[in-house]
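Respectively, the protein sequence lines represent chains A and B. Heads up: the first sequence is residues 29 to 682, going by this note's numbering. Heads up: the second sequence is residues 25 to 410, going by this note's numbering. From the three backbone atoms N, C-alpha and C, an ideal C-beta is built for every residue, glycine too. The model shown is predicted, which means the values in this text are computed figures rather than measured ones. Below is one structure, written out as structure tokens, with a few remarks after it.
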Amino acid sequence: MAIIERKPSLELAPAGGVTPRAAAGVFARPTSETGWKSWVTTIDHKKIGILYGVSALFFFLVGGVEALLIRLQLAQPNGKILGAHTYNEMFTMHGTTMIFLFVMPMAAAFGNYMVPLQIGARDVAFPRLNAFGFWCFLFGGCFLYLSWFFGGAPDGGWFAYAPNTGSLFSSSHGMDFYALGLQITGIASLTGAINLIVTILNMRAPGMTLMKMPIFTWMVLVVQFLLVFAIPVISVALFLLLFWRQFGARFFDPGSGGDPLLWQHLFWLFGHPEVYVLILPSFGIVSEVLPVFSKKPLFGYPFVVFSGVAIGFMGWGVWAHHMFASGIGPISVAVFSATTMFIAVPTGVKIINWLATMWGGKLQFTTAMHFAIGLVVMFTIGGLSGVTHAISPSDTQQTDTYYIVAHFHYVLFGGAVLGLFAGFFYWWPKVFGRMLDERLGKITFWLMLIGLNLTFGPMHIVGLQGQPRRQYHYATGLGFDMWNVIETIGAFTIASGVGLFVINAIKSRKGPKAALDPWDARSLEWLSSNPPPPHNYDSTPTVHSIDEFFHRKYEEDEAGELKKVATAEELYEKRVIDEHIHMPSPSYWPIVVAFGLPVVAAGLIFSRWFSVVGGLTVLLGLYAWALEPATAPELPDQHHDPEGPASTEVATVG
Amino acid sequence: MTSGFRARRHAAPTIEPVRSRPRRVAVAGVALLGLVLAGCANKGPESTFRPEGKYAQKIDNLARPWFYIAGVVGLLVFGVVVYIIFKYRARAGDERVPRQLHGNTPLEIMWTAAPAVLLTVMAYFTVTTVISVNKTAKSPMVIEVYGQQWWWEYDYTGPYAGIVTATDLVIPAKTEIQLKISSRDVVHSYWLPRLNGKRDAVPGRTQPMNIEADTPGVYMGQCTEFCGLSHANMRERVIVLSEADFATWAANQLKPAAAPTDAAAVRGAQSFAQRCSSCHQINGSYVDAAGKTVQFAPVDASVSLVSGVAPNLTHLMSRGVFAGGTYDLHVDGDPAKPLNRPDLEAWLRNPSSRKPMAPDERRGMPNLGLTESQIDDLIAYLSTLK
Numbered sequence: 029m030a031i032i033e034r035k036p037s038l039e040l041a042p043a044g045g046v047t048p049r050a051a052a053g054v055f056a057r058p059t060s061e062t063g064w065k066s067w068v069t070t071i072d073h074k075k076i077g078i079l080y081g082v083s084a085l086f087f088f089l090v091g092g093v094e095a096l097l098i099r100l101q102l103a104q105p106n107g108k109i110l111g112a113h114t115y116n117e118m119f120t121m122h123g124t125t126m127i128f129l130f131v132m133p134m135a136a137a138f139g140n141y142m143v144p145l146q147i148g149a150r151d152v153a154f155p156r157l158n159a160f161g162f163w164c165f166l167f168g169g170c171f172l173y174l175s176w177f178f179g180g181a182p183d184g185g186w187f188a189y190a191p192n193t194g195s196l197f198s199s200s201h202g203m204d205f206y207a208l209g210l211q212i213t214g215i216a217s218l219t220g221a222i223n224l225i226v227t228i229l230n231m232r233a234p235g236m237t238l239m240k241m242p243i244f245t246w247m248v249l250v251v252q253f254l255l256v257f258a259i260p261v262i263s264v265a266l267f268l269l270l271f272w273r274q275f276g277a278r279f280f281d282p283g284s285g286g287d288p289l290l291w292q293h294l295f296w297l298f299g300h301p302e303v304y305v306l307i308l309p310s311f312g313i314v315s316e317v318l319p320v321f322s323k324k325p326l327f328g329y330p331f332v333v334f335s336g337v338a339i340g341f342m343g344w345g346v347w348a349h350h351m352f353a354s355g356i357g358p359i360s361v362a363v364f365s366a367t368t369m370f371i372a373v374p375t376g377v378k379i380i381n382w383l384a385t386m387w388g389g390k391l392q393f394t395t396a397m398h399f400a401i402g403l404v405v406m407f408t409i410g411g412l413s414g415v416t417h418a419i420s421p422s423d424t425q426q427t428d429t430y431y432i433v434a435h436f437h438y439v440l441f442g443g444a445v446l447g448l449f450a451g452f453f454y455w456w457p458k459v460f461g462r463m464l465d466e467r468l469g470k471i472t473f474w475l476m477l478i479g480l481n482l483t484f485g486p487m488h489i490v491g492l493q494g495q496p497r498r499q500y501h502y503a504t505g506l507g508f509d510m511w512n513v514i515e516t517i518g519a520f521t522i523a524s525g526v527g528l529f530v531i532n533a534i535k536s537r538k539g540p541k542a543a544l545d546p547w548d549a550r551s552l553e554w555l556s557s558n559p560p561p562p563h564n565y566d567s568t569p570t571v572h573s574i575d576e577f578f579h580r581k582y583e584e585d586e587a588g589e590l591k592k593v594a595t596a597e598e599l600y601e602k603r604v605i606d607e608h609i610h611m612p613s614p615s616y617w618p619i620v621v622a623f624g625l626p627v628v629a630a631g632l633i634f635s636r637w638f639s640v641v642g643g644l645t646v647l648l649g650l651y652a653w654a655l656e657p658a659t660a661p662e663l664p665d666q667h668h669d670p671e672g673p674a675s676t677e678v679a680t681v682g
Numbered sequence: 025m026t027s028g029f030r031a032r033r034h035a036a037p038t039i040e041p042v043r044s045r046p047r048r049v050a051v052a053g054v055a056l057l058g059l060v061l062a063g064c065a066n067k068g069p070e071s072t073f074r075p076e077g078k079y080a081q082k083i084d085n086l087a088r089p090w091f092y093i094a095g096v097v098g099l100l101v102f103g104v105v106v107y108i109i110f111k112y113r114a115r116a117g118d119e120r121v122p123r124q125l126h127g128n129t130p131l132e133i134m135w136t137a138a139p140a141v142l143l144t145v146m147a148y149f150t151v152t153t154v155i156s157v158n159k160t161a162k163s164p165m166v167i168e169v170y171g172q173q174w175w176w177e178y179d180y181t182g183p184y185a186g187i188v189t190a191t192d193l194v195i196p197a198k199t200e201i202q203l204k205i206s207s208r209d210v211v212h213s214y215w216l217p218r219l220n221g222k223r224d225a226v227p228g229r230t231q232p233m234n235i236e237a238d239t240p241g242v243y244m245g246q247c248t249e250f251c252g253l254s255h256a257n258m259r260e261r262v263i264v265l266s267e268a269d270f271a272t273w274a275a276n277q278l279k280p281a282a283a284p285t286d287a288a289a290v291r292g293a294q295s296f297a298q299r300c301s302s303c304h305q306i307n308g309s310y311v312d313a314a315g316k317t318v319q320f321a322p323v324d325a326s327v328s329l330v331s332g333v334a335p336n337l338t339h340l341m342s343r344g345v346f347a348g349g350t351y352d353l354h355v356d357g358d359p360a361k362p363l364n365r366p367d368l369e370a371w372l373r374n375p376s377s378r379k380p381m382a383p384d385e386r387r388g389m390p391n392l393g394l395t396e397s398q399i400d401d402l403i404a405y406l407s408t409l410k
């Protein structure tokens, strides 16, 4: 936590006589700042953010290939590309990957990288816990994917409805990998959420009240609260599933007094807040991008904040709208219809505020702005089709058809993914100090926008014509054929756009160096260099307004006209450099502990001995972690007066 | 009608505000409009926009206005976006910094209240419709519907108790029918798009669903809750007959199975007794050439399927389709037309090659390793089950 104190290493370091740099008395403390070792042992929120981003992008490509295979199979009636079982595995993994291994960790990437910078902190509150979270996500995701090589991937759908996921109906180990893999990625979300909540609540720069916090950080905060309460619910559900499959528990077996609907309630009680977990970070990104490229502040900042918070609360009261056909009774259906209607209100408020932000502005159509406006329009379509699901009798005609596939892809692709791409183009110079190619970026945008409308637009039509989802083939003569061809063409159009983005990203390594303030930005993170130094700010900034950076650059003259009074370079030159900054040291233990978890999980599937080895690894790692001081004792050549200036700040005690 | 709404929604992305490409936009717009019109002309047999009977009609009456409202709201948003993009684009040489407007509380309150009012109205009509489509009719005809991997069974009740069919649900026109939907294994969902919204078939629970069809005809549907391997091959049809035709059909269904007479059919019946009857039920008994009474053993749950049952074949030939509606039993799925022999033979040779199933896990029909002559005999026998 933001503990400003004198030389804490004196108290935290083991009492005298210990060799400097030694952790737990056995291994030398890692010190690398470059090379693969620095990435494996890093606890720097920025490096962890990049690790999240790269891994999530990798899973995005994998999930995309799965989507293309699905679309190839469905390109014509009675498709023969994939068999029924492979198709079931494919759509299960596509959904699971895109939700748990792409959008969530990509949002975590932005949150990790940007939140400390946006609030003027040196790092997150618990840097080693942060690293641990990342490795849990990566190992959990890899563990899930190992299922392809050990008897088959999960085949029960990402929603895993009981009893179809029981070992009687799903006899491969796929669903075990699903239950255990997601359990491990859940640990990542939970630790990350606690970490960011503590960071945001405690480590903001002086002067930054909650209502002066950048809007992206606000949305991240709401998301972390959603995660803290939602992840335990899915964890419980996954344990029930695991116990059922592995130890013969009978939670979902009506013959033994169980109920299949128990799974559905638990899953959607997690699953619906999860939808907001996926979309709110992108709302935050767009709320940063639109003002910058409109040269205006976010219109109705408090309303955008509170509508986000309202969504965070109301998101808990709508889960059963996923179950309108499940048999929960007309009273429940009526109540959840009404609550679902009203969650559209705060969402609508956001859209109108974005429009009002642009209104009267001076719009610059950068790639990031393209993606942001794309989100506003595409998400509106998803929102309007969402209301047809709140009208529950209408939903019983649409649920489990392609209409709903269309709806949530407009929300998640047209919303979340376009928002993340806006974030890529907007913050790329901040993160890598290089620019992405704007021309390629705009082509990417148009390919993705046209592709997404070709893919998901016709799904409204075939859905209302009665094409059910999750079916590996369809008969001809039902009016689906032509639309499915168009959808497949659209999917490949999206893929070409994404491919172009990957090329753009690789090219940017040798691309033009980014200026300090390439976009004439508004929020605090741009006060730092591109990319920022490990300690983020040479001295902690003091905050006076919401758009702190903008107001340092612009001031009103006597006539009330805004005039630029300083460039970013001038502001950067004028910064005060604090000589006494201590950052926490890298550590081996987060990755060691995280590695033990999939080994424990493998033991539950194959041989209990794995669990013993994995369990010991976790215990040993935790023990060493607990004994290791946050900051390695200094090397003699770095030594300075321990009674030095009082401003010494350590970012962490974790 | 419906297409108008869709046309606007799908045309929208092409109204993109790029000045340099107006021609491309126009071409794309026209092309897209053409496609949408083509889609409108296509009235699929499972379209939710062709309601039949009062229940589907109530849903349509409720949903349709929202499609129009959503179209208008969507157009409004796109219109504003396009206007903003053209009106407020940065122009070269303009150094002015726009007024830093932070918000406007009355405006905010207005555009929070407006959608809230609109949605309150929608919520009111939604709740009243939920109650009205779930209202149980007075003394309806009740039919139990059971889902199992991967076909539907119908058990008739009341005066029709004893009728058991698969895949094809036969009902009289202009009659209130209450389906009681349940499952014998995993969760399925029973959906007849033109008659009512879907209801999940959940093991251990029974869900009512009301249907009523005014016009005789065939109404298609399929299972819509993912139920494993052959979820895509779990279809159903509702055959709506006039009341007189229904009475004839029901009287025939209530009879026991006919006795086989010609030699091939008798051999087929013997094969059936040995190979098929542990899972497939045939009601009644017959006296064979030796004067012995043959009765098929009741289904043996210990050797049969996870779900406990396979389709009852007593009146197989009165159905139009088989294998969960995957194949036509008769040409065009019409029981009055000739037998579709090639598909039936192929099915008996190796069912799993014709429809993905998991017979090794007692889910679906196993490959019985029948010889060609056994297949001929079996079909000869099955053909007698009118």
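Three-state secondary structure (DSSP) of residue i
| i | result |
| --- | --- |
| Asn158(A) | helix |
| Leu196(A) | coil |
| Val261(A) | helix |
| Val104(B) | helix |
| Asn140(A) | helix |
| Asp179(B) | strand |
| Ala138(B) | helix |
| Ser206(B) | strand |
| Pro319(A) | helix |
| Ile574(A) | coil |
| His212(B) | strand |
Through-space distance from residue j to residue i, alpha-carbon basis
| i | j | result |
| --- | --- | --- |
| Leu265(B) | Pro359(B) | 13 Å |
| Tyr329(A) | Glu607(A) | 36 Å |
| Phe87(A) | Ala188(A) | 20 Å |
| Phe110(B) | Phe399(A) | 17 Å |
| Thr245(A) | Gln202(B) | 53 Å |
| Ile306(B) | Thr338(B) | 4 Å |
| Trp176(A) | His579(A) | 54 Å |
| Gly77(B) | Ser365(A) | 24 Å |
| Tyr148(B) | Gly411(A) | 20 Å |
| Ala289(B) | Met258(B) | 30 Å |
Buried versus exposed, by CB contacts within 10 Å (16 or more), residue i
| i | result |
| --- | --- |
| Pro626(A) | buried |
| Ser44(B) | Bear in mind that the predicted position of Ser44(B) carries a pLDDT of just 45, short of 50, making it unreliable; the figure below should be weighed with that in mind. Per the 10 Å Cβ criterion, exposed. |
| Asp575(A) | buried |
| Pro242(A) | buried |
| Ser309(B) | exposed |
| Glu584(A) | exposed |
| His354(B) | buried |
| Ser284(A) | exposed |
| Pro37(B) | With a pLDDT of 40 at Pro37(B), under the threshold of 50, the modelled position of that residue is not reliable, and the figure given next carries that caveat. Classification of Pro37(B): buried, given that the 10 Å Cβ count is 16 or more. |
| Pro322(B) | exposed |
Assumed close pair residue i, residue j - CB separation to whole angstroms, cut-off 8 Å
| i | j | result |
| --- | --- | --- |
| Tyr430(A) | Met487(A) | 4 Å |
| Pro217(B) | Gly241(B) | Actually they are not in contact, since the Cβ atoms of Pro217(B) and Gly241(B) sit about 14 Å apart, beyond 8 Å. |
| Val101(B) | Ile379(A) | 7 Å |
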